[in-house]
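2 protein chains.
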Amino acid sequence: MRGVSIVGIGSTPFGRLEAEEDIVKLAVDACSDAIRDSGIKYSSIQALYLGNFVGERLAAQGALASVVGGRLGILGIPGTKVEGACASGGIAIREGFITVASGLYDFVLVVGVEKMSNMPIGDITAALATAGDEKYEMRTGLTFPGAFAMIMEEHMRSYGTSREQVAQVSIKNHQNGLNNPKAQFRRATNMDEVINSRFIAEPIRLFDCPPISDGAAAAILCPTELARDLPGKSVQILGSGHSTGPSTLTQMPDLTTFSASIQAAQQAYDMAGISAADVDVAEVHDCFTIAEIIATEDLGFFRKGEGGQAVESGETALDGLYPVNPSGGLIAKGHPVGATGLAQIYELVTQLRGTAVNQIAHPDIALAHNLGGAGAVATVHVLGRR
Amino acid sequence: MRGVSIVGIGSTPFGRLEAEEDIVKLAVDACSDAIRDSGIKYSSIQALYLGNFVGERLAAQGALASVVGGRLGILGIPGTKVEGACASGGIAIREGFITVASGLYDFVLVVGVEKMSNMPIGDITAALATAGDEKYEMRTGLTFPGAFAMIMEEHMRSYGTSREQVAQVSIKNHQNGLNNPKAQFRRATNMDEVINSRFIAEPIRLFDCPPISDGAAAAILCPTELARDLPGKSVQILGSGHSTGPSTLTQMPDLTTFSASIQAAQQAYDMAGISAADVDVAEVHDCFTIAEIIATEDLGFFRKGEGGQAVESGETALDGLYPVNPSGGLIAKGHPVGATGLAQIYELVTQLRGTAVNQIAHPDIALAHNLGGAGAVATVHVLGRR
């Protein structure tokens, strides 16, 4: 396996974009930015992996890899959409990484995209619920806010995690999003506002949730040996992990941990030859506030049950031991589902280049954690300066 | 790159199955058959690639790779849904092939599935139309029967292909499906019935079209060096090709040929070190009768414009020079969209094992051609006895 580097990144702003910003244009904009950033020619791209969750349903657009390739003018190459619910973007990076590492392709374009905001909220909720097991769980009427409400209850009950500790995730991530020009929400919040916002699924409140978002993010991958000849500052993918876990809550032996995250992290740490303690900055999948706390435990930043105290004591703040979601995370930056995994990469590459909006001091190792469903699938990527 | 073999195959029957045969159960049944056929243990499987087009929309089920993995009891491995419209199954094989050939995994399960029949026909047509470019073409009301109607008109105008020649594809494929226990239609048809069946999109009539189908098919891939230790008769993947073409008719310089098919075939032929003349039996993507004629030209079996005469003179019959769609093809076997690429592999493995229902005499080389949209994406795989 060859070393693989990220040599270009691109991202649209995230938010509720105009109807004429169709899903294909969002992806094309992010791809064009990434290609320009890399300094390679369009004709150098040998394959396209596109992460998207429910384009067929929310944007009436399937076969996105070839439609996006066509609008970019890079037909005649293999184009593949990959899907793993909210981890679709992370899977796109994973597949691109595999094909470059194996020597099959030199230059691969990976992109994630979702266009959600033009549909009625009921349709969006129903589309997102397809990430669960329809026959054995979602048919009962369960939604993902409902699933994570049970998970939050269980974490509070098992570990004494307080309502206020969970709320700190929202406060921190809103604060981080404040200066991020790509973020959907650029406004601060406070304890009073979070814990008094309206219930979505008790105990989860509005400010515990990410918004409905449109957006796309992209990256160019190539062998590390070729990255050195390109003009930009490249970042190496030191480790890649991808695993699956139960798709129903009833199959989970413990609602407060996701086995897929633990396994994907272990694979990525092993490949990179590092441990959690080496991570300088992380973007993790805060699809709800409680999910960030669980992620910081599953990834090994904190011991099981101590994620709530950690965020409360500032250990995941920009100047903490493990700065988490300096971009604002899904909660403030927005969560266009298929784009999220690539948006994490976008933020972390800027961190390792030293050009991030909320720049962490001299990071060497960065980690991206992308989760699908309530732990049904996870990817973890470890990046390093190179 | 290592040699890759297919060591197990499985398939459900294709047809309009009962509502309780949910999409996940279909995939699980095909996977279980393939695993049993291979003689490997469930715990040997290191990755799962699942081809599906519109499960989120027609079956309310996304994240299918992890949901199917969970019901099979093989969690804790990377699971990825891949999508390229009607070529989703072919792409699943392609991705499995890449990861085994590169040495990343030894045993990979690939499966294709679609569950379509429980929805109203208008919803199905709209879901299938997402394979085209929504903004620049499908929004006008174009459907795939409409697109292939223009393609058929143009082939008849350009090359003098007759209505009767096109109908011969339907007659041949229905005849081939007659004895196939997996086929949706097991009844013969005749010229009179085909050319007098009702119009779907003039000049395309009902008997020029595949049915709405439910079904799944699966295969187990492993390195050729490990295949020799397994009990079953294995088949080697000698070549793999995957390419993309225009997603709109307006971008096609010529409506009677699909550049993605030509490019994917050339890649597969080059990798296998063969030419079209070496192919002994083929399963091609007859999503409409005219599509089979175009495929036999694009794959190099016949010169451009001569595909109509070839089927009329019996060159694609079971005893012809290039037997095409001995399974009955999409038209008689059925077309559960995401499953089709794997169903082609299922048929061809039985042909190379010498156990097919419509067995061709001593085939050495078999070819599978899977198409998405009106040429937006294509995969070609060349299989050989080994």
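Quick note, the sequences are listed as chains B and E, same order. For the first sequence, this note's numbering gives the first residue as -11, with consecutive numbering after it. For the second sequence, this note's numbering gives the first residue as -11, with consecutive numbering after it. Yeah, the Cβ is synthetic: ideal placement off N, Cα and C, and Gly gets one too.
Asked, Found
"Within this structure, are the beta carbons of V368(B) and A207(B) separated by less than 8 Å?", "no"
"Under the assumption that A344(B) contacts P314(B) (Cβ atoms under 8 Å), give the Cβ distance between them as a whole number of angstroms.", "6 Å"
"Looking at the structure shown, is Q224(B) part of a helix, part of a strand, or coil, going by DSSP?", "strand"
"Quick one: using the 10 Å Cβ neighbour count with 16 as the cut-off for buried, is F289(B) buried or exposed?", "buried"
"Would DSSP call H357(B) helix, strand or coil?", "strand"
"What residues from chain B crowd round K29(E), counting only those whose CB sits closer than 8 Å?", "In chain order: nothing, as chain B lies at least about 18 Å away."
"Which residues in the same chain as V325(B) place their Cβ atom closer than 6 Å to its Cβ, once the five residues preceding and following it in sequence are excluded?", "F41, C74, E102"
"Quick check: what's the CA-CA separation for A283(B) versus G316(B)?", "15 Å"
"Since K69(E) is in the beta strand (DSSP E), which residue starts that stretch and which ends it?", "67 to 71"
"Based on the DSSP output, what are the partners of G3(B) in its beta bridges?", "D202(B)"
"Note down, in chain order, all residues in the stretch -8 to 19 of chain E with a beta-carbon under 7 Å from any beta-carbon belonging to chain B.", "D10, V12"
"Please check if any C-beta of chain B sits within less than 8 Å of the C-beta of S249(E).", "no"
"Measure the Cβ-Cβ separation of E210(E) and F276(E) and say whether it is below 8 Å.", "One detail in the question is off: residue 210(E) reads as Cys in this sequence, not Glu. Not in contact: C210(E) and F276(E) (Cβ atoms no closer than 8 Å)."
"Can you tell me whether Y37(E) is helix, strand or coil according to DSSP?", "strand"
"Using only the alpha-carbon positions, how far apart do K29(B) and A53(B) sit?", "19 Å"
"Can you grab the Cα-Cα spacing for the pair D21(E) / S(-1)(E), in whole Å?", "7 Å"
"Helix, strand or coil: how does DSSP classify I28(B) here?", "coil"
"Between which two residues does the alpha helix (DSSP H) harbouring K375(E) extend?", "Here chain E comprises residues numbered -11 to 374, so residue 375(E) is not present and cannot be evaluated."
"Are G203(E) and A320(E) close, meaning C-beta to C-beta below 8 Å?", "no"
"For E6(E), count the other beta carbons within 10 Å of its own beta carbon; 16 or more makes it buried, fewer makes it exposed. Which is it?", "exposed"
"Assign S(-7)(B) to one of three DSSP states: helix, strand, or coil.", "strand"
"Can you tell me whether DSSP reads T232(E) as helix, strand or coil?", "strand"
"Taking buried to mean at least 16 other C-beta atoms within 10 Å of its own C-beta, is D25(B) buried or exposed?", "buried"
"Can the beta-carbon of T304(B) be found closer than 8 Å to that of K123(B)?", "no"
"Would you verify that the beta carbon of A413(B) is, or is not, closer than 8 Å to some beta carbon of chain E?", "Given a span of -11 to 374 for chain B in the structure shown, any question on residue 413(B) remains unanswerable."
"Using the rule of at least 16 other Cβ atoms within 10 Å of the residue's Cβ for burial, across every protein chain shown, is P133(B) buried or exposed?", "buried"
"Nearest-angstrom Cα distance between M126(E) and Q156(B)?", "46 Å"
"Since K69(B) meets chain E, which of its residues come closer than 8 Å, beta carbon to beta carbon?", "V70, E71, G72"
"In the DSSP output, which residue or residues are listed as bridge partners for E373(E)?", "A small correction: the amino acid at residue 373(E) is Arg; Glu does not occupy that position in the sequence shown. Answer by DSSP bridge pairing, in chain order: V223(E)."
"For F424(E), return the contacting residues in chain B, with the cut-off set at a CB-CB distance below 9 Å.", "For chain E, the structure presents residues -11 to 374; residue 424(E) sits outside this window and is missing."
"Would you mind reading off the limits of the beta strand (DSSP E) that contains I62(E)?", "First-last for I62(E): undefined, no H or E at that position."
"Is it right to say M179(E) is buried, meaning 16 or more other beta carbons lie within 10 angstroms of its own, or is it exposed?", "exposed"
"Leaving out five residues before and five after V16(E) in sequence, what residues of the same chain have Cβ atoms less than 7 Å from its Cβ?", "V56, R59, L60"
"For the beta strand (DSSP E) containing A189(E), list its first residue and its last residue.", "187 to 189"
"Taking the CB atoms as reference points, tell me whether G342(E) and A51(B) lie closer together than 8 Å.", "no"
"Short check: CB of Q332(B) to CB of Q339(B), under 8 Å?", "no"
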